[in-house]
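In terms of the UniProt record's numbering, the sequence shown opens at residue 1 and continues consecutively.
To start, the structure itself, in structure tokens.
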Amino acid sequence: MQTPVKTRLVEVVVPVHNEQRALRKSIVRLHGYLTRTFPYGFRITIADNASTDGTWHEARRLAAELSHVRAVHLDAKGRGRALRHVWSASEADVVSYMDVDLSTDLDAFLPLVAPLMSGHSDLAIGTRLSRGANVVRGPRREFISRAYNLLLRSVMGARFSDAQCGFKAVRTEVAQALLPAVEDEQWFFDTELLLLAERHGLRIHEVPVDWVDDPDSRVDVLRTALDDLRGMARVARRTLSGAARIPVPLRVRQAELPRGMARQLPRFAVVGVLSTLAYLLLFSGLRQAVPAFTANAVALLVTAVANTAANRRFTFGVTGSSGALRQQVEGLVAFLVGLALTTGGLALLPAGVSHGVELVAVVVANALATLVRFLLLRVWVFNPRRNAR
């Protein structure tokens, strides 16, 4: 019996930077798995972004040895840049990517792609944060990941559960329509793409995955966290100005937010990001003279007062002096939540950790307090019904 020809094509991009040691083993494993089990045609594209070791040489060797494998080289570094370069020119039905360490179990790849091939979804993401996922990683990375995604949901109104899992797929026509409006070229690329897709009513399918942390990961957690905060502020600013709309029309099916929240969320995000940056500066400066717990409490108190005042005026549109003192006192409830979370985060750190690790701990703990802060401010402190009395 003749084997049916696989006419539909999925492009799997593996972005790499200085991955000479892991590249061959991972690509051979991925190629073998797709050859044996994948019901669609596939192409694996190794996207080398400015490696300085032997990664590009190894990528070319693999492309010469294995069918359906090719290699492309970029002179500038950036995972987002590599994905943009390949996806923009792809003629496949679906474009996807996965991290070179293959931390995600490959059995999740067909469930990721199938809804896109059938037209039931527009984008698909692997999620490590749903009940069906099985994740093995350290408590620090687990805490940071959950805090970041909670921040996205509470401040940016995101409905997807895991923005950072390196296991995603998009219908090619959708990807190529969205990419011109995505600015980031690094790690925030995924988050910006997903936020833009949700804003335009596109359907995002989530697949719970089995995921094992790579102990050799060289991601700079602190720098990535700060870059993500800056990215969120930029997206919020563009949303407010209306510049975040894509130039190519797509089917729009936007879910309605509660009254007023569509305006409040981006403004709250901008105020929150500025407050976080001010908090980091204060904490870093005070930390040179006082213990971490004291620096944390003082920096958090100062920025909490300023944050409440800014949200009062710009997010919730409350002007005049009437009720201002009461609202500041009530706003300190959110301060106490933040203080408890950040103090707890610092207490969990082992003795003698670096100043950078302390900063990461307090940033992610502050992110956890953000959801509580927004809800308290919206439904209690600045509730129009209370302020109209």
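Every residue, glycine too, gets a C-beta built ideally from N, C-alpha and C.
Beta-ladder partner(s) of residue i, from DSSP
| i | result |
| --- | --- |
| S96 | V12 and A169 |
| V136 | V212 |
| T104 | W211 |
Of the listed residues the options, nearest to residue i (C-alpha basis)
| i | options | result |
| --- | --- | --- |
| L202 | A175, P291, D227 and F42 | A175 |
| R36 | G285, P139 and L110 | L110 |
| A236 | E206, V207, V273 and D210 | V273 |
| R263 | R378, F167 and L178 | R378 |
| V381 | V360, L332, A351 and S354 | L332 |
| V28 | L106, Y148 and K77 | L106 |
| R8 | L23, R171 and L152 | R171 |
| S90 | F167, A177 and G138 | A177 |
| F374 | W56, L152 and Y33 | L152 |
| A51 | G41, P39 and L23 | A quick correction: the sequence has Ser, not Ala, at residue 51. With distances taken between Cα atoms, S51 lies closest to L23. |
| Q20 | D214, M117, W87 and W56 | W56 |
| V16 | F42, Y40, D75 and L34 | D75 |
| R137 | A92, M117, D214 and K77 | D214 |
| P139 | L348, I125, W211 and A92 | L348 |
| L116 | Y40, V298 and V318 | Y40 |
| L229 | H205, V290, T308 and N149 | N149 |
| H11 | F38, K25, F42 and Y33 | It should be noted that the sequence gives Glu, not His, for residue 11. Answer by Cα proximity: F42. |
| L376 | T308, L325 and S321 | T308 |
| W211 | G317, H120 and A133 | A133 |
| N383 | S354, P350, Y33 and G317 | G317 |
| D93 | S322, S118 and K77 | S118 |
| F38 | N18, A108, E58 and T319 | A108 |
| S67 | T343, L34, K77 and Y97 | L34 |
| K77 | E58, G54 and N18 | N18 |
| A351 | P291, L325, V329 and E330 | P291 |
Residue span of the alpha helix (DSSP H) that contains residue i, given as start and end
| i | result |
| --- | --- |
| V207 | Element bounds for V207: not the alpha helix (DSSP H) but the beta strand (DSSP E), I204 to P208. |
| G32 | Q20 to T37 |
| V298 | A292 to A310 |
| V318 | No alpha helix (DSSP H) holds V318; DSSP gives it neither H nor E. |
| E192 | F189 to R199 |
| S161 | Looking at the DSSP string, S161 is not in any alpha helix (DSSP H), and its letter there is neither H nor E. |
| F109 | F109 to M117 |
| L179 | Run containing L179: none; DSSP gives neither H nor E here. |
| T52 | Here T52 belongs to no alpha helix (DSSP H), and DSSP marks it neither H nor E. |
| G80 | R79 to A89 |
Whole-angstrom C-beta distance between residue j and residue i, which should lie under 8 Å
| i | j | result |
| --- | --- | --- |
| Q327 | R312 | 6 Å |
| D227 | Q186 | 6 Å |
| V95 | V13 | 7 Å |
| L265 | V155 | 7 Å |
| T294 | S275 | Rounded, the Cβ-Cβ distance is 19 Å, inconsistent with contact. |
| A269 | A233 | 7 Å |
| H31 | V69 | 6 Å |
| E192 | V182 | 5 Å |
| A169 | V209 | A169 to V209, Cβ: 13 Å. No contact. |
| L286 | A306 | Rounded, the Cβ-Cβ distance is 16 Å, inconsistent with contact. |
| F189 | R79 | 6 Å |
| L195 | A147 | The Cβ separation is near 17 Å, so there is no contact. |
| A310 | V353 | Incorrect: roughly 32 Å between the Cβ atoms, too far for contact. |
| L179 | S88 | 6 Å |
| R267 | T315 | 4 Å |
| H205 | A124 | 4 Å |
N-terminal and C-terminal residue of the beta strand (DSSP E) that residue i is part of
| i | result |
| --- | --- |
| residue 398 | Since the first and last residues shown for the chain are 1 and 389, residue 398 lies out of range. |
| F42 | G41 to N49 |
| L74 | V69 to L74 |
Near the ligand ATP: residue i beta-carbon under 8 Å from a heavy atom
| i | result |
| --- | --- |
| V212 | Looking for the ligand ATP in the displayed structure turns up nothing, as the structure carries no ligands at all. |
Below-9 Å beta-carbon distance, residue i vs any chain C residue
| i | result |
| --- | --- |
| S145 | No chain C is present in this structure, which holds just one protein chain. |
Validate contact between the stretch 101 to 112 and the stretch 52 to 65 using beta carbons, cut 8 Å, 3 pairs: no
The stretch 33 to 49 contacting the stretch 82 to 96, beta-carbon criterion three pairs below 8 Å: yes
The stretch 192 to 199 touching the stretch 128 to 143, judged by at least three CB pairs closer than 8 Å: no
Cβ contact (3+ pairs, closer than 8 Å) linking the stretch 147 to 167 and the stretch 119 to 137: yes
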